[in-house]
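Student: Mapped onto numbering that gives the first Met the number 0, the consecutive letters of the sequence shown carry residue numbers 0 to 303. Using N, Cα and C, we set each Cβ at its ideal position, and we do this for glycine too.
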Amino acid sequence: MIKGTEDKRYAFVNGIIRAKEARLLTKAHFDRLLAAPLTNFNTIISDSPYAGYEDTPDGLEVEENGLRKFFEKYCQTPEVRKFVELPEQIHNLKVKLKQGGEELLYPDVGTEVETLPEVVEEIERFTIEKDPFKLSTNLDKIVCKYIYEAAEFSPFFKNYFELYFDLENIRSFLRARQFENAREIFNQVFIPYGSFDKKIFIDNMNLEIDHLGKIFFTTPYASIIEKGSLYLEENHSFLRLERMCEEMRLNFLTQARRMTFGVEPLFGYYHFKNSEIKKLRQVYWGKLNEVPLDQLKESIPDVW
Numbered sequence: 000m001i002k003g004t005e006d007k008r009y010a011f012v013n014g015i016i017r018a019k020e021a022r023l024l025t026k027a028h029f030d031r032l033l034a035a036p037l038t039n040f041n042t043i044i045s046d047s048p049y050a051g052y053e054d055t056p057d058g059l060e061v062e063e064n065g066l067r068k069f070f071e072k073y074c075q076t077p078e079v080r081k082f083v084e085l086p087e088q089i090h091n092l093k094v095k096l097k098q099g100g101e102e103l104l105y106p107d108v109g110t111e112v113e114t115l116p117e118v119v120e121e122i123e124r125f126t127i128e129k130d131p132f133k134l135s136t137n138l139d140k141i142v143c144k145y146i147y148e149a150a151e152f153s154p155f156f157k158n159y160f161e162l163y164f165d166l167e168n169i170r171s172f173l174r175a176r177q178f179e180n181a182r183e184i185f186n187q188v189f190i191p192y193g194s195f196d197k198k199i200f201i202d203n204m205n206l207e208i209d210h211l212g213k214i215f216f217t218t219p220y221a222s223i224i225e226k227g228s229l230y231l232e233e234n235h236s237f238l239r240l241e242r243m244c245e246e247m248r249l250n251f252l253t254q255a256r257r258m259t260f261g262v263e264p265l266f267g268y269y270h271f272k273n274s275e276i277k278k279l280r281q282v283y284w285g286k287l288n289e290v291p292l293d294q295l296k297e298s299i300p301d302v303w
């Protein structure tokens, strides 16, 4: 297990987190949700913190807001607050620059990111070039740089974000391959803070799908690339790729559950609870819109 920060300031809240983790939904809950009609949705989760909400989407939003307040109340580590706040701030900035609606904004997340020199420069470039794709990807890379630097304070977070950036690059690689100008697109979206050299992706951009797994067989990601790309070829869908990437990310975070001290359990719980809320939304809206059951099952990460 990777060494954590062992910050004893978190001893009290980590006790609370253990109790909250015990109330996270299980695989059995989701198996029942998937098998049952939508009318049984609230009954199946009636033994959980989601009980008592007449309107399911509103209830999920309340739980999501409560989770964020819990994190903000107990997180005393500035670097870890950045990991959550900076991506939300950059999202809000993109929405404003592209003149999106207020309903797309994260509430009460601050605007610190807008004062970063690289961000100011990128905004000025956008006012001239008016290229929303470059704006979005360049802003993302700026945030990734700051997160990468902030994560240096702890082996746990350094390794987590290296994995996170690797998974983002794998997603981008397989998505870029769907376009004629694949190399140009990938060059623009590649995040240079993971374990991969960009060259391995560029050199294999046009390689046949059934050979991709062999190229990456020495990495921890060979199975994701092989199975995700084969599913894509057969079903024209990224569902398996997205699910397997999320499973790998969450599996890494399970290490935090074995830590007594440190901010890691709070960070891990925050992400597991967010993942749970996302899964509930997937099932609810999937059932409502009559998404085929096999697609719904394929989309649910199998990590609990």
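According to DSSP, is T259 part of a helix, a strand, or is it coil?
Tutor: For the purposes of this step, residue 259 is taken as the residue at position 260 of the sequence shown. Residue state, collapsed to three classes: coil.
Student: Could you check where the alpha helix (DSSP H) with Q88 kicks off and where it finishes?
Tutor: For the purposes of this step, residue 88 is taken as residue 89 along the sequence shown, with counting starting at 1. From DSSP, the alpha helix (DSSP H) with Q88 extends over P77 to L96.
Student: Report the CB separation of V305 from F70 in whole angstroms; it is logged as a contact under 8 angstroms.
Tutor: The requested residue 305 is not part of the displayed model; the chain covers only 0 to 303.
Student: Could you have a look at E232 and say whether DSSP puts it in helix, strand or coil?
Tutor: As a working note, residue 232 is residue 233 in the sequence shown. Three-state result, E232: helix.
Student: In the structure shown, what three-state DSSP assignment does M243 receive?
Tutor: Here residue 243 refers to the residue found at position 244 of the sequence shown. Residue state, collapsed to three classes: helix.
Student: Would you tell me roughly how many angstroms separate the C-alpha atoms of T217 and L162, rounded to the nearest one?
Tutor: Here residue 217 corresponds to residue number 218 of the sequence shown, with the count starting at 1. Here residue 162 corresponds to residue number 163 of the sequence shown, with the count starting at 1. One C-alpha to the other measures close to 15 angstroms.
Student: Here's the rule: buried if 16 or more other CB atoms are within 10 angstroms of the residue's CB, otherwise exposed. What is G261?
Tutor: On the sequence shown, position 262 is the one that residue 261 refers to. G261 is buried by the Cβ-count criterion.
Student: T110: which of E120, H90, M0 and E128 sits nearest, CA to CA?
Tutor: Your numbering for residue 110 matches position 111 in the sequence shown. Of E120, H90, M0 and E128, the residue nearest in Cα terms is H90.
Student: Between the Cα of K26 and those of G193, E275, V290 and R124, spot the shortest distance and give me the residue it belongs to.
Tutor: Against the sequence shown, residue 26 aligns to sequence position 27. For K26, the nearest C-alpha among the options comes from E275.
Student: Would you tell me roughly how many angstroms separate the C-alpha atoms of G227 and T38, rounded to the nearest one?
Tutor: Counted from its first residue, the sequence shown places residue 227 at position 228. Counted from its first residue, the sequence shown places residue 38 at position 39. When rounded, the distance between both Cα atoms is 33 angstroms.
Student: Under a three-way DSSP split, which group does V118 fall into?
Tutor: Position 119 of the sequence shown, counted from the first residue, corresponds to residue 118. Helix, per DSSP.
Student: Are the CB atoms of A150 and F160 within a distance shorter than 8 angstroms?
Tutor: The sequence position of residue 160 within the sequence shown is 161, counting from 1. The sequence position of residue 150 within the sequence shown is 151, counting from 1. Yes. Within cutoff.
Student: If we count the other Cβ atoms within 10 Å of its Cβ and call it buried at 16 or more, is I199 buried or exposed?
Tutor: Position 200 of the sequence shown holds residue 199. Result: exposed.
Student: Figure out for me which residue from A35, A50, A34 and L33 has the closest Cα to the Cα of N41.
Tutor: Position 42 of the sequence shown, counted from the start, is the residue given in the question as residue 41. The candidate whose alpha carbon is nearest that of N41 is A50.
Student: So the candidates are I15, A21 and F237; which of them puts its Cα closest to the Cα of I169?
Tutor: The sequence position of residue 169 within the sequence shown is 170, counting from 1. Comparing Cα-Cα distances from I169 to each of I15, A21 and F237, the minimum goes to F237.
Student: Return the chain-ordered ranges of every alpha helix (DSSP H) run that is complete within the segment 142-229 and spans a minimum of 4 residues.
Tutor: 154-175, 181-188, 197-202 and 211-214, all fully within the segment 142-229.
Student: Quick check: the segment 250-265 against the segment 3-12, are at least 3 beta-carbon pairs closer than 8 angstroms?
Tutor: With the cut-off at 8 angstroms, the segment 3-12 and the segment 250-265 touch.
Student: How about the segment 240-256 and the segment 295-303: do they share at least three Cβ pairs that are nearer than 8 angstroms?
Tutor: Segments in contact, yes.
Student: Would you kindly report the start and end of the unbroken alpha helix (DSSP H) that includes G14?
Tutor: Here residue 14 is taken as the residue at index 15 of the sequence shown, counted from 1. First-last of the alpha helix (DSSP H) with G14: A10 to E20.
Student: Where does the unbroken alpha helix (DSSP H) through F29 begin, and where does it stop?
Tutor: As a first step, residue 29 is located in the sequence shown; it is residue number 30 there, counting from the start. Taken as a continuous stretch (DSSP letters only), the alpha helix (DSSP H) holding F29 covers K26 to A34.
Student: Which class does D293 belong to by DSSP, given the choice of helix, strand or coil?
Tutor: Here residue 293 refers to the residue found at position 294 when the sequence shown is read from its first residue. Residue state, collapsed to three classes: helix.
Student: Alpha carbons only, please: which of F215, P36, V108 and K278 is nearest the one belonging to E289?
Tutor: For the purposes of this step, residue 289 is taken as residue 290 along the sequence shown, with counting starting at 1. When only C-alpha atoms are compared, the closest one is P36.
Student: Check whether the segment 200-216 touches the segment 125-139, counting contact only when three or more Cβ pairs, one atom from each stretch, lie closer than 8 angstroms.
Tutor: Taking 8 angstroms as the limit for Cβ pairs, the verdict is that the segment 125-139 does not touch the segment 200-216.
Student: With distances taken from CA atoms, which of K278, P56 and K144 is nearest F29?
Tutor: As a first step, residue 29 is located in the sequence shown; it is residue number 30 there, counting from the start. When only C-alpha atoms are compared, the closest one is K278.
Student: Buried or exposed: K68, going by 16 or more other Cβ atoms within 10 Å of its Cβ?
Tutor: As a working note, residue 68 is residue 69 in the sequence shown. Exposed, by the Cβ-count rule.
Student: Would you say K81 and I146 are within 8 angstroms of each other, going by their C-beta atoms?
Tutor: Taking the first residue of the sequence shown as 1, we reach residue 81 at position 82. Taking the first residue of the sequence shown as 1, we reach residue 146 at position 147. Yes. Within cutoff.
Student: Buried or exposed for G65, going by 16 or more other Cβ atoms inside 10 Å?
Tutor: For this step, residue 65 is matched to residue 66 along the sequence shown. G65 should be labelled exposed.
Student: Near I208, which residues of its chain fall below 6 angstroms by C-beta distance, leaving aside the five closest residues on each side in sequence?
Tutor: Here the question's residue 208 lines up with position 209 in the sequence shown. Same-chain partners within the cutoff: S228 and E232.
Student: Distance, Cα to Cα, D6 vs Q75?
Tutor: As a first step, residue 6 must be located in the sequence shown, where it is residue number 7. As a first step, residue 75 must be located in the sequence shown, where it is residue number 76. If you take the alpha carbons of D6 and Q75, they lie about 10 angstroms apart.
Student: Taking all protein chains shown into account, do 16 or more other C-beta atoms lie within 10 angstroms of the C-beta of M0, making it buried, or fewer, making it exposed?
Tutor: If you number the sequence shown from 1, residue 0 lands on position 1. Classification of M0: exposed, given that the 10 Å Cβ count is below 16.
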